[in-house]
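The next block holds one structure in the form of structure tokens; read it before the comments.
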Amino acid sequence: MCSRKGLVVVVDTASKVRDTANRAYRAAVRALRTVNHRARQRWRATTPHERQTVRLTAVAAALGLVISAVTVGAAGPWDSGQRTAERARAAGADGRSGTDHTGEPGGPTAAPVLAATGPLPGNRKADGAGGGSGGGSRQDGDGDGDGDDAAAGTGGGPAGQVPPPTASALADTLEPLLDEPSLGAVRSASVVDAASGRQLYTERSGAPATPASTVKLATAVAALTARGADHRITTRVVGEGSRVTLVGGGDPTLTPEALGDLAKKTAGALRKAGTRTVRLGYDTSRYRGTDQHPIGPNENLAPVTALMVDEGRLDSSDHGPAPRTDDPAGQAAEEFGKRLEAEGVELAGPAKAHTAAGGAKRLAAHRSAPLGALVERMLTHSDNDIAEALARQTALATGEEASFEGAGRAVERTLRRLDVPLKGAVFADGSGLDRTDKVTPALLTRLLVRAADPDRPELRGILTGLPVAGFTGTLGSRYGGERGEPGAGLVRAKTGTLTGVNTLAGTVVDADGRMLAFAFMTSGAKDPGAAEAGLDRLASTLANCGCRDSPSTG
Numbered sequence: 001m002c003s004r005k006g007l008v009v010v011v012d013t014a015s016k017v018r019d020t021a022n023r024a025y026r027a028a029v030r031a032l033r034t035v036n037h038r039a040r041q042r043w044r045a046t047t048p049h050e051r052q053t054v055r056l057t058a059v060a061a062a063l064g065l066v067i068s069a070v071t072v073g074a075a076g077p078w079d080s081g082q083r084t085a086e087r088a089r090a091a092g093a094d095g096r097s098g099t100d101h102t103g104e105p106g107g108p109t110a111a112p113v114l115a116a117t118g119p120l121p122g123n124r125k126a127d128g129a130g131g132g133s134g135g136g137s138r139q140d141g142d143g144d145g146d147g148d149d150a151a152a153g154t155g156g157g158p159a160g161q162v163p164p165p166t167a168s169a170l171a172d173t174l175e176p177l178l179d180e181p182s183l184g185a186v187r188s189a190s191v192v193d194a195a196s197g198r199q200l201y202t203e204r205s206g207a208p209a210t211p212a213s214t215v216k217l218a219t220a221v222a223a224l225t226a227r228g229a230d231h232r233i234t235t236r237v238v239g240e241g242s243r244v245t246l247v248g249g250g251d252p253t254l255t256p257e258a259l260g261d262l263a264k265k266t267a268g269a270l271r272k273a274g275t276r277t278v279r280l281g282y283d284t285s286r287y288r289g290t291d292q293h294p295i296g297p298n299e300n301l302a303p304v305t306a307l308m309v310d311e312g313r314l315d316s317s318d319h320g321p322a323p324r325t326d327d328p329a330g331q332a333a334e335e336f337g338k339r340l341e342a343e344g345v346e347l348a349g350p351a352k353a354h355t356a357a358g359g360a361k362r363l364a365a366h367r368s369a370p371l372g373a374l375v376e377r378m379l380t381h382s383d384n385d386i387a388e389a390l391a392r393q394t395a396l397a398t399g400e401e402a403s404f405e406g407a408g409r410a411v412e413r414t415l416r417r418l419d420v421p422l423k424g425a426v427f428a429d430g431s432g433l434d435r436t437d438k439v440t441p442a443l444l445t446r447l448l449v450r451a452a453d454p455d456r457p458e459l460r461g462i463l464t465g466l467p468v469a470g471f472t473g474t475l476g477s478r479y480g481g482e483r484g485e486p487g488a489g490l491v492r493a494k495t496g497t498l499t500g501v502n503t504l505a506g507t508v509v510d511a512d513g514r515m516l517a518f519a520f521m522t523s524g525a526k527d528p529g530a531a532e533a534g535l536d537r538l539a540s541t542l543a544n545c546g547c548r549d550s551p552s553t554g
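Read in order, the letters of the sequence shown correspond to residues 1 to 554 in this note's numbering.
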């Protein structure tokens with residue numbers, strides 16, 4: 001009898017718990033419906049412009065989360081849900097444009113994404129092409145191909161996962177686009193599976209070409225390898241008797257506000273020492289050689305010195321071309337002097353160039369953002385001043401002279417440690433403004449593969465710093481409008497543009513969830529806008545292509 005009563009009590013208790021849970025569930029559903037109804041009412045009340053802003057913000061936030069997941073797992077299986085925001089947004093745009101925001105309110109339904117990596121298929125159409133790397137190719141300009149690609153990765157992920165695109169299908173898809181006359185007389189290309197390192201497509205991928213700003217990928221990889229992503233560049237203020245010297249460390253992101261903070265700390269140290277009047281000097285000895293880029297005075301780049309404020313800009317811009325001072329160090333010292341005076345320190349005259357003594361007492365210091373953040377900013381906005389500074393940081397880290405020549409040697413030496421194809425490479429500067437720079441598509445894709453390697457977390461800022469098509473940086477105004485490219489939000493790439501030179505190198509996740517690194521390099525185009533559109537079509541096609549052989553092909 002006791003056991004029966006106990007059973008009745010247990011059953012009754014379970015029934016009550018179930019009823020309580022059901023009531024809570026129904027209440028939660030009602031609450032969610034109410035919230036959803038109110039949200040839809042508010043959405044319908046917003047203007048089209050406000051709706052566009054909200055959607056762009058939401059997609060950008062989701063994209064950031066997706067990119068984080070992608071970069072962590074780039075060399076292994078991809079979690080389901082990666083790239084959901086980009087794919088869903090592209091589908092919501094009906095394949096027309098990255099700026100299409102019509103339709104019902106609320107976020108789009110996430111499209112299912114297959115596992116990204118898997119066993120590599122046997123190559124059919126192009127086995128043995130590209131220097132033994134297994135990539136599809138019509139020709140390989142110098143016969144060198146990219147042997148490093150074959151050595152770097154010959155396997156895939158666990159069985160049952162999605163394999164990379166087949167070489168023959170990829171070639172059939174890309175070759176007609178690469179043949180477009182608008183790209184110019186000389187074209188070269190490389191596509192690599194990021195997870196395995198397998199070369200999938202090559203068109204003269206071993207032929208050196210002028211990279212323009214895509215050389216910044218090499219600059220970034222070298223700097224992060226030599227210094228590490230957490231390194232910070234220090235600007236110091238030292239004292240020698242009544243002389244105070246502002247010592248440049250090579251920080252290209254120094255701002256007037258940072259100089260104000262330095263001045264406040266310096267004034268405090270001087271007050272403690274009982275000093276009220278000082279002679280002001282500035283030290284740029286950290287760098288050597290000429291401060292003038294071979295292209296001469298140019299709004300794309302200030303004279304390259306170890307001390308500058310606001311990149312020597314004479315307007316309020318923070319990136320892009322702008323009028324520049326011809327004396328960035330003097331400009332920074334003058335600003336620092338004004339800030340000192342505002343803190344009650346008297347100056348005995350204008351600032352003068354002066355090399356600080358080795359034993360000078362440190363009065364104050366300012367540290368830049370971590371190098372990883374500087375790399376992101378450089379790649380997103382194609383910032384030439386940061387690029388030249390990062391090249392010199394590589395030189396300083398490797399014992400080379402911090403000059404154009406020394407930085408070039410340091411970048412090449414550092415990249416050689418990473419076992420990337422450097423045949424024919426020339427690093428005349430860090431920014432790509434020098435036309436004598438030369439790299440191959442094979443080198444650019446190999447650098448991107450290295451950046452995606454989970455064993456190299458110091459390089460992660462390279463992937464996260466790449467501009468997002470239709471959204472950020474130098475790709476913000478591309479892949480949209482009348483052009484209507486479907487790659488908006490899907491392509492992440494570094495642009496490169498000089499007169500007659502157009503390049504694009506970056507990453508996509510294809511329709512089956514494989515991360516691919518690509519580089520397209522062209523020269524001789526007469527219409528730069530048409531050439532850019534052609535490159536964008538290549539990258540968009542790669543992003544939206546599964547590129548598999550049909551069963552009938554074998």
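We put the beta carbon where it would ideally sit given N, CA and C, even for glycine.
My output table needs one value for residue i: the three-state DSSP class, helix, strand or coil.
| i | result |
| --- | --- |
| E346 | strand |
| V191 | strand |
| G496 | strand |
| D283 | strand |
| G506 | strand |
| N298 | strand |
| E180 | coil |
| L307 | coil |
| G314 | According to the sequence shown, residue 314 is Leu rather than Gly. The answer is coil: DSSP assigns L314 none of H, G, I, E or B. |
| A539 | helix |
| A402 | coil |
| R478 | coil |
| R377 | helix |
| F336 | helix |
| K526 | coil |
| A209 | strand |
| L555 | With the chain covering only 1 through 554, there is no way to say anything about residue 555. |
| Q199 | strand |
| C545 | coil |
Closest to residue i by CA distance: which of the options is it?
| i | options | result |
| --- | --- | --- |
| G213 | L379, V162, K265 | Checking the displayed sequence, the identity of residue 213 turns out to be Ser instead of Gly. It is L379 whose Cα lies nearest to the Cα of S213. |
| F471 | D455, L490, G461 | L490 |
| G500 | V162, G184, T173, P176 | G184 |
| G320 | D385, A488, R204 | D385 |
| S477 | T305, E532, T355, L418 | E532 |
| T497 | M521, G372, P486 | M521 |
| T440 | T275, L314, L504 | L504 |
| E240 | T305, L314, H354 | H354 |
| A348 | T275, A395, T436, A356 | T275 |
| K352 | A263, G337, L177, G513 | G337 |
| D193 | P486, R187, V509 | V509 |
| K264 | V411, R204, G344, A530 | G344 |
| R198 | A442, A425, T173 | A442 |
| R377 | E346, E401, G461 | G461 |
For residue i, does the count of other Cβ atoms within 10 angstroms reach 16, so buried, or fall short, so exposed?
| i | result |
| --- | --- |
| E257 | exposed |
| T277 | exposed |
| P457 | exposed |
| V216 | The amino acid occupying residue 216 in the given sequence is Lys; Val does not appear at that position. So K216 counts as buried. |
| W78 | Because W78 carries a pLDDT of 29, less than 50, the predicted location of this residue cannot be relied on, and the following value inherits that uncertainty. W78 should be labelled buried. |
| R537 | buried |
| A195 | buried |
| T464 | buried |
| D455 | exposed |
| P467 | buried |
Which value, in whole angstroms, describes the spacing of the CA atoms of residue i and residue j?
| i | j | result |
| --- | --- | --- |
| A389 | K494 | 18 angstroms |
| S168 | L200 | 9 angstroms |
| E180 | D283 | 52 angstroms |
| G406 | N544 | 42 angstroms |
| T210 | K438 | 5 angstroms |
| A555 | G206 | Since the first residue of the chain shown is 1 and the last is 554, residue 555 is not available in this structure. |
| L433 | A369 | 25 angstroms |
| R339 | D327 | 19 angstroms |
| A342 | D251 | 24 angstroms |
| V420 | D429 | 19 angstroms |
| T234 | E335 | 18 angstroms |
| R446 | T253 | 29 angstroms |
| G358 | A519 | 46 angstroms |
| R324 | G281 | 22 angstroms |
| I295 | G546 | 43 angstroms |
**Q.** Continuous beta strand (DSSP E) assignments of at least 3 residues falling wholly in the segment 227-279
**A.** 234-240, 243-247
Q) Can you give, in chain order, each stretch of the alpha helix (DSSP H) that sits fully within the segment 439-464 and has at least 4 residues? A) 441-451
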